[in-house]
Amino acid sequence: MQTSSLNFFERVYQVVRQIPYGKVTSYGAIAKSIGAAKSARMVGYAMKNASNLEDVPAHRVVNRNGILTGKHHFKGTSLMQQLLESEGLVVQDNKIQNFKQVFWDPNK
DNA sequence: ATATTGACGGTGT
DNA sequence: TACACCGCCAATA
Numbered sequence: 170m171q172t173s174s175l176n177f178f179e180r181v182y183q184v185v186r187q188i189p190y191g192k193v194t195s196y197g198a199i200a201k202s203i204g205a206a207k208s209a210r211m212v213g214y215a216m217k218n219a220s221n222l223e224d225v226p227a228h229r230v231v232n233r234n235g236i237l238t239g240k241h242h243f244k245g246t247s248l249m250q251q252l253l254e255s256e257g258l259v260v261q262d263n264k265i266q267n268f269k270q271v272f273w274d275p276n277k
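See the structure below:
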């Protein structure tokens with residue numbers, strides 16, 4: 170099938186794969202980079218589907234507040250937070266501290 | 001085809 | 001800073 174929606178998911182994965190170690194980004198930033206700034210929710214939806222893909226570090230994707238909104242979708246309740254902390258990030262109360270410093274812009 | 005949901009973002013209060 | 005409401009868009013029922 171030549172559905173463009175499938176490409177949408179692939180585009181999201183491609184951007185997420187480019188996130189460097191120890192850095193994170195937001196759904197809106199990814200959406201914007203793929204040309205769908207208003208489809209941030211779709212990015213999150215795609216990530217949920219990507220949870221099965223090891224090629225896509227979904228744990229490095231958080232919302233604009235730097236909150237681990239998707240941590241509830243991981244196997245362990247604190248798996249996502251643990252992964253981020255393993256990368257040198259500081260997570261507290263489901264929120265990334267110094268988010269502005271560890272933020273990585275896909276468009277940049 | 002319509003209604004509801006959701007890993008969001010922006011703005012108002 | 002915290003909370004509420006609205007707008008966007010695809011998937012699901």
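Take any residue in the first sequence, note its place counting from 1, add 169, and you have its number in my numbering. Where is the CB? At the ideal position from N, CA and C, for every residue including glycine.
Residue state for Q187 is assigned as coil, using DSSP reduced to three classes. Under the three-state reduction of DSSP output, V259 falls in the strand class. Distance from the CA of S255 to the CA of A205, rounded to the nearest whole angstrom, comes to 31 angstroms. Of all alpha-carbon atoms in F177, P226 and V193, the one lying nearest the alpha-carbon of R186 is that of P226. In this structure, the beta-carbon distance from V231 to L237 falls below 8 angstroms.
Taking 8 angstroms as the cut-off, the beta carbon of N218 is found closer than this to the beta carbon of F178. For I265, the enclosing beta strand (DSSP E) stretches over residues K264 to Q266.
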